[in-house]
Structure formats: structure tokens, C-alpha cells
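Heads up: the structure comes next, in C-alpha cells.
In my numbering, the protein residues as written are 4 to 73.
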């Protein structure tokens with residue numbers, strides 16, 4: 004289930020969509036599994052990196068003009 008979730012996140016899908024796809028593919032426990040903070044954060048981070056890469060934005064952490072980590 005984790006491998007499939009990471010693959011979906013790598014295509015830019017956020018946890019809610021990943022949950023729906025996993026449930027449709029026979030994983031009724033997907034909601035409880037994705038609600039774990041470390042799983043949710045990992046999938047969201049992967050999806051955000053994939054979306055940024057798709058539009059050509061930098062995926063590296065950086066500081067803004069005020070020294071705040073972005």
C-alpha cells in the first residue's frame with residue numbers, strides 16, 4: 004500500500020485523492036493508515052515536490068528575503 008501511495012503522490016496527488024484511490028483498489032483501511040501524521044506528511048511532501056517539478060519551480064529549501072525558511 005505504501006509503494007502505491009508513494010507512486011500516486013509522485014504524480015502530484017494529495018493524501019485525500021490517494022486515500023480514495025487506495026480504497027477503490029481494495030484497501031478499506033486506507034483512511035486510518037493515511038491519517039497517521041508521518042504517512043500524511045510524507046505523501047504531502049512528495050506530492051508538493053512533484054507539483055513544483057512539473058511547473059519548473061525549485062524543490063530545494065531556501066530562505067526568503069527575511070531569512071525565513073521556505
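Every residue, glycine too, gets a C-beta built ideally from N, C-alpha and C.
All values reported here derive from a predicted model rather than from experimental measurement.
Supposed contact pair residue j and residue i - C-beta distance, whole angstroms, cut 8 Å
i: residue 13; j: residue 42; result: In fact, because the Cβ distance is near 15 Å, the residues do not count as touching under 8 Å.
i: residue 33; j: residue 25; result: 4 Å
i: residue 51; j: residue 37; result: So it is not a contact: roughly 16 Å between Cβ atoms.
Extent of the continuous alpha helix (DSSP H) to which residue i belongs
i: residue 43; result: 40-58
Local conformation of residue i per DSSP, three classes
i: residue 29; result: coil
i: residue 15; result: coil
i: residue 20; result: helix
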